[in-house]
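Colleague: Each residue of the sequence shown is one higher than the one before, counting from 98 in the numbering used here. Sharing a structure here in structure tokens format.
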Amino acid sequence: MMNIEHIKRVDPEVAEQIEAEFKRQSETIELIASENITSMAVMEANGSVLTNKYAEGKPHKRFYNGCSHVDVIEELCQKRACELFGMDHANVQPHSGAQANMAVFMYALNPGDNVLGMDLSNGGHLSHGSPVNFSGLYFNVKSYGINDEGEIDYENVRQMALEHKPKLIICGASNYARIIDFKKFREIADEVGALLLADIAHIAGLVAAGLHPSPAPYADFVTTTTHKSLRGPRGGIIMCKQEHALGIDKAVFPGMQGGPLEHVIAAKAVALLEASKPEFKEYAKQIIKNAQTLADELVANGLDIVGGKTENHLMTLDLRKTGKTGKDMANVLEEVGITANKNTVPNDPQSPFVTSGIRLGTPAVTTRGFKEEDIREVARIIAEAIKNSDDAEKLKELRERSLALCKKHPIYISD
Ligand SMILES: *Cc1c(COP(=O)(O)O)cnc(C)c1O
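Printed below as a string of structure tokens:
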């Protein structure tokens, strides 16, 4: 792990927790679909002296002096984002994915305007119009869902668009196991005269590797996080067509944010470079292979997956026929050393705080080197843990098995 000698001297309490967190990450199997394990290079950039710098504004148009180096870094980051995703313009300053979306809303809409997005409990994101989020509070949002097969019903989206007349349509999800048809969304947007936002926060790594169709030919705006399958630092990026570039930049700053986090932008640049390499393509291929192996093996062990399969990096375990809940089983999995989050399934009889599902994703375990045989063992551990959730002895034995997998594939040793 990175040296934290100074923190240990200055602040032993925080140092202790960082070390404990490193141990936790080392010794548990991370199946939270939105998490990953960055490279040491990304980590170093993120922890660099760039955190000392104020750089409000854009490269070469800053409100502060002394920006010559951060200008180069930010421009590199923008250029790499545009090249990797095939878009005209990139703003790499959003502090997070939600803020990237917020900036698009601010640029493209006025409060009260109509928006069509994917429903949160069907796999959409909070920032796509949930009533408790700014997007749902200040805009008039209608939401589409998925059918019993776990798929978006594009004809239904079209009907909703015709009825609701949105100014902005949002596609992209936090929990959707199928390929997204960006072309169909474009056709629907064109039919009703809407702008199209593709939020690829989850699948950015797969898109970068060419393993998921790119929204670039179709979307007016593409937003992403950089810390999920893209394997960079925690942050966001907005990409857009040239005609929207100035407006998007203004919405980010001074519209929504103050100073950009140049240390994070440097780490984003490093991650984008890494994601452009052939090794990353191999990595992304393995993410999908591992996800499909996990889905198949869970089904072979008697469990259900929403829609029965996955086409990307994640899936939702449907626990309804086991009579157990997502909340309880996610806690049982934590006991056996597997981290995942409870999640609703379509038409979930349980509340969002209890749920009947668990979302599982493979980006993080793939980073640490898990291959199909390891994943099959993970699936068996999950199935046995759920079946024997009241048997403390059995859970202890499963914990040993998950620890053995972690020891076989340590984190932060090779680089
Ligand atoms: C994770 C996610 C976001 C938000 O990212 P944060 O960095 O947590 O704000 C936005 N959209 C989608 C689809 C996501 O999955």
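The beta-carbon is built from N, C-alpha and C at its ideal position, and this holds for glycine as well.
#1: Examine ligand 1 and report whether any of its heavy atoms sits within less than 7 Å of the Cβ of aspartate 471.
#2: Looking only at its chain, what residues have a beta carbon closer than 6 Å to the beta carbon of asparagine 198, apart from the 5 residues adjacent to it on each side?
#3: Excluding the 5 residues flanking alanine 112 on each side, which residues of the same chain have their C-beta closer than 6 Å to its C-beta?
#4: From the DSSP output, which residues share a beta bridge with aspartate 415?
#5: In angstroms with no decimal places, state the Cα-to-Cα distance between glutamate 340 and asparagine 162.
#6: Taking 7 Å as the cut-off, is the beta-carbon of threonine 322 closer than that to any non-hydrogen atom of ligand 3?
#7: Using the Cα positions of lysine 493 and valine 433, report the straight-line distance between them to the nearest angstrom.
#8: Determine the burial state of glutamate 431: buried for a count of at least 16 other Cβ atoms within 10 Å of its Cβ, exposed for fewer.
#9: Could you pull the start and end residues of the beta strand (DSSP E) that phenylalanine 236 belongs to?
#10: How many Å lie between glutamine 447 and glycine 454 at the Cα?
#11: Tell me the start and end of each unbroken alpha helix (DSSP H) in the segment 135-170 that is at least 4 residues and wholly inside, in chain order.
#12: Pick helix, strand or coil for glutamate 408, following the three-state DSSP scheme.
#13: In its own chain, which residues sit with a C-beta less than 6 Å from the C-beta of alanine 342, not counting the 5 before and 5 after it?
#14: Between the Cα of glutamate 246 and those of Val442, Met99, Leu500, spot the shortest distance and give me the residue it belongs to.
#15: Apart from the five residues on each side of it in sequence, which residues of its chain come closer than 8 Å, Cβ to Cβ, to proline 449?
#16: If I measure Cβ to Cβ from valine 429 and keep anything under 6 Å in the same chain, skipping five residues before and after, which residues do I get?
#17: Should leucine 181 and glutamate 359 be called a contact, given that it needs their Cβ atoms to be closer than 8 Å?
#18: Tell me the DSSP secondary structure of cysteine 337 in three-state form.
#19: Residues in the same chain with beta-carbon distance under 6 Å from alanine 117, minus the five sequence neighbours each way, listed in chain order, please.
#20: Does the distance from the C-beta atom of isoleucine 384 to that of threonine 436 stay below 8 Å?
#21: Closer than 6 Å by C-beta to lysine 378: which residues in its own chain qualify, once you throw out the five before and the five after it? Chain order, please.
#22: Would you mind listing the beta strand (DSSP E) stretches within the segment 195-248 that are 3+ residues and don't spill past its ends, in chain order?
#23: Taking 7 Å as the cut-off, is the CB of aspartate 216 close to at least one heavy atom of ligand 1?
#24: What separation, rounded to the nearest whole angstrom, lies between the Cα atoms of leucine 500 and asparagine 188?
#25: Give me the residue from Ala138, Ile276, Glu248, Val238 with the minimum Cα distance to alanine 258.
#26: Out of Gly214, Gly194, Gln190, Tyr235, which has the shortest C-alpha to C-alpha gap to asparagine 207?
#27: Taking only the alpha-carbon atoms, compute the straight-line gap between alanine 274 and glycine 352 and give it to the nearest angstrom.
#28: Buried or exposed: where does glycine 269 fall if 16 or more other Cβ atoms within 10 Å of its Cβ makes it buried?
#29: What does a CB cutoff of less than 6 Å around arginine 417 pick up in its chain, not counting 5 residues either side in sequence?
#30: Counting only runs of 4+ residues fully inside the segment 428-505, write out the alpha helix (DSSP H) ranges in chain order.
#31: Report back the beta-carbon spacing between glycine 333 and tyrosine 151 to the nearest angstrom; my notes put them in contact at under 8 Å.
#32: Taking 7 Å as the cut-off, does the CB of histidine 299 come closer than this to any heavy atom belonging to ligand 1?
#33: Are the CB atoms of serine 123 and proline 507 nearer to each other than 8 Å?
Modeller: From the atom records:
#1: As a first step, residue 471 must be located in the sequence shown, where it is residue number 374. Checking the Cβ of aspartate 471 against ligand 1 gives no.
#2: Sequence index remark: in the sequence shown, residue 198 carries index 101 (1-based). Hits under 6 Å: Ser224, Thr320.
#3: The sequence position of residue 112 within the sequence shown is 15, counting from 1. Within the same chain, and ignoring the five residues on either side of alanine 112 in sequence, the residues whose Cβ sits closer than 6 Å to its Cβ are Ile101, Ile104, Lys105.
#4: Indexing the sequence shown from 1 puts residue 415 at position 318. DSSP links aspartate 415 through a beta bridge to Asp401, Gly454.
#5: Counting from 1 along the sequence shown, the entry for residue 340 is found at position 243. Counting from 1 along the sequence shown, the entry for residue 162 is found at position 65. Each residue's CA atom was taken as its position, placing glutamate 340 and asparagine 162 some 29 Å apart.
#6: As for ligand 3, it is missing from this structure, which binds only ligand 1.
#7: By 1-based counting over the sequence shown, the position of residue 493 is 396. By 1-based counting over the sequence shown, the position of residue 433 is 336. Taking the Cα positions, lysine 493 is about 7 Å away from valine 433.
#8: Within the sequence shown, residue 431 is the residue found at index 334, counting from 1. Looking at its Cβ environment, which holds fewer than 16 other Cβ atoms inside 10 Å, glutamate 431 is exposed.
#9: As a first step, residue 236 is located in the sequence shown; it is residue number 139 there, counting from the start. Neither: phenylalanine 236 is in no beta strand (DSSP E) and is coded neither H nor E.
#10: Indexing the sequence shown from 1 puts residue 447 at position 350. Indexing the sequence shown from 1 puts residue 454 at position 357. One alpha carbon belongs to glutamine 447, the other to glycine 454, and they sit about 9 Å apart.
#11: Listed in chain order, the complete alpha helix (DSSP H) runs (minimum 4 residues) inside the segment 135-170 are 137-143.
#12: Taking the first residue of the sequence shown as 1, we reach residue 408 at position 311. In the structure shown, glutamate 408 sits in coil (DSSP, three-state: anything other than H, G, I, E or B).
#13: Start at 1 with the first residue of the sequence shown, and residue 342 comes out as number 245. Around alanine 342: His186.
#14: Within the sequence shown, the letter at position 149 stands for residue 246. Closest by alpha carbon: Val442.
#15: Within the sequence shown, the letter at position 352 stands for residue 449. If the five residues before and after proline 449 are omitted, its C-beta is found closer than 8 Å to the C-beta atoms of Ser218, Thr441, all from its own chain and listed in chain order.
#16: Here residue 429 refers to the residue found at position 332 when the sequence shown is read from its first residue. Excluding sequence positions up to five before and after valine 429, its CB lies within less than 6 Å of the CB of Ala482, Ser486, all in the same chain and listed in chain order.
#17: For this step, residue 181 is matched to residue 84 along the sequence shown. For this step, residue 359 is matched to residue 262 along the sequence shown. In this structure, glutamate 359 does not lie closer than 8 Å to leucine 181 by Cβ.
#18: As a first step, residue 337 must be located in the sequence shown, where it is residue number 240. The answer is strand: DSSP assigns cysteine 337 an E or B state.
#19: In the sequence shown, counting from the first residue as 1, residue 117 sits at position 20. There are no such residues.
#20: For the purposes of this step, residue 384 is taken as the residue at position 287 of the sequence shown. For the purposes of this step, residue 436 is taken as the residue at position 339 of the sequence shown. No, the pair does not count as a contact, with Cβ atoms beyond the cut-off.
#21: Against the sequence shown, residue 378 aligns to sequence position 281. Excluding residues within five positions, the ones whose Cβ falls inside 6 Å are Ala306.
#22: Counting only unbroken stretches of 3 or more residues, the beta strand (DSSP E) elements lying wholly within the segment 195-248 are 211-215, 237-241, in sequence order.
#23: Position 119 of the sequence shown holds residue 216. Annotation for aspartate 216 indicates a beta carbon at 7 Å or more from all heavy atoms of ligand 1.
#24: By one-based count along the sequence shown, residue 500 stands at place 403. By one-based count along the sequence shown, residue 188 stands at place 91. Leucine 500 and asparagine 188: Cα-Cα distance of roughly 41 Å.
#25: One-based indexing of the sequence shown puts residue 258 at position 161. It is Val238.
#26: Translated into the one-based positions of the sequence shown, residue 207 becomes position 110. Among Gly214, Gly194, Gln190, Tyr235, the Cα nearest to that of asparagine 207 belongs to Tyr235.
#27: Taking the sequence shown and counting its residues from 1, the one referred to as residue 274 is at position 177. Taking the sequence shown and counting its residues from 1, the one referred to as residue 352 is at position 255. Straight-line Cα distance between these residues: approximately 34 Å.
#28: Counting from one through the sequence shown, the residue named residue 269 turns up at place 172. It is buried - the Cβ of glycine 269 has at least 16 other Cβ atoms within 10 Å.
#29: Here residue 417 refers to the residue found at position 320 when the sequence shown is read from its first residue. Contacts found: Ser453.
#30: Fully contained in the segment 428-505 are the following alpha helix (DSSP H) runs of length 4 or more, in chain order: 460-464, 469-484, 489-505.
#31: Along the sequence shown, read from residue 1 onward, the residue named residue 333 stands at position 236. Along the sequence shown, read from residue 1 onward, the residue named residue 151 stands at position 54. About 20 Å separates the Cβ atoms of glycine 333 and tyrosine 151, ruling out a contact at the 8 Å cut-off.
#32: Along the sequence shown, one-based indexing puts residue 299 at 202. Yes - ligand 1 has a heavy atom lying nearer than 7 Å to the Cβ of histidine 299.
#33: Here residue 123 is taken as the residue at index 26 of the sequence shown, counted from 1. Here residue 507 is taken as the residue at index 410 of the sequence shown, counted from 1. For serine 123 and proline 507, yes; Cβs fall inside 8 Å.
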